[in-house]
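Colleague: Just passing along the structure, written as structure tokens.
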Amino acid sequence: MKRTLLFATLAIGLSSLQAGAERLTNPVAEFSGLDKITGRIISFDVYIDETVQFGALQVTPRVCYSRPPTETPLTDAFVEVDEITLDRKVRRIFSGWMFAASPGLHAVDHPVYDVWLADCKMSSPVAPPSQR
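Just so we're aligned, residue 6 is where the sequence shown starts under the numbering used here, counting upward by one.
Spelled out as structure tokens, the structure:
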């Protein structure tokens, strides 16, 4: 009897965790970038599957997930970052998940530029690529 009650309690707890772990797919990833030469930090929006150049880096988010505002924040994105070398070749320097909650652990640390995920958003003041 106690074992059945324990399993029932665990099942209810797990189902509520799964129900509460709703992921929202966002069309826009917001990044912050640091130019180490000038010391300037800028924010820039990038639509999913769009490539935006920041200095010598090309940033392309593939997915960007967040949670509803009523839940604990958990914002992550799968991102590809390429470097344009001095001889004009494209070299992949990052391909993986970035987490907004820990930018120091999951950011691109380049000799001149740093890039990290700041947020995932449903809209942007920047026009989508199809409207440019």
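Beta carbons: idealized from backbone N, C-alpha and C, even for Gly.
Because the structure is a prediction, the values reported are computed rather than measured.
Using a Cβ-Cβ cutoff of less than 6 angstroms, which residues in the same chain neighbour Pro-66 once the five nearest sequence positions on both sides are dropped?
Modeller: So the qualifying residues of the chain are Ala-34, Val-51, Ile-53, Ala-82, Val-84.
Colleague: Pull up the distance between the alpha-carbon of Asp-114 and that of Val-120, whole angstroms please.
Modeller: Going from the Cα of Asp-114 to the Cα of Val-120 covers about 7 angstroms.
Colleague: Just the C-alpha distance for Ser-135 and Thr-43, rounded to the nearest angstrom, thanks.
Modeller: Their backbone Cα atoms lie some 33 angstroms apart in a straight line.
Colleague: Have a look at Val-131, Pro-74, Gln-63 and flag the residue whose alpha-carbon is nearest the alpha-carbon of Ser-100.
Modeller: Selected option, being the one with the closest Cα: Gln-63.
Colleague: Which residue wins for smallest C-alpha separation from Trp-102, given the options Arg-93, Pro-78, Asp-87, Val-68?
Modeller: Here the closest residue by C-alpha is Val-68.
Colleague: Nearest by alpha-carbon distance to Asp-40: which of Asp-87, Phe-59, Asn-31 is it?
Modeller: Nearest C-alpha to Asp-40: Phe-59.
Colleague: Going by alpha carbons, who is nearest to Ser-128 out of Phe-49, Pro-78, Arg-93, Gly-38?
Modeller: Comparing Cα positions, the closest option is Phe-49.
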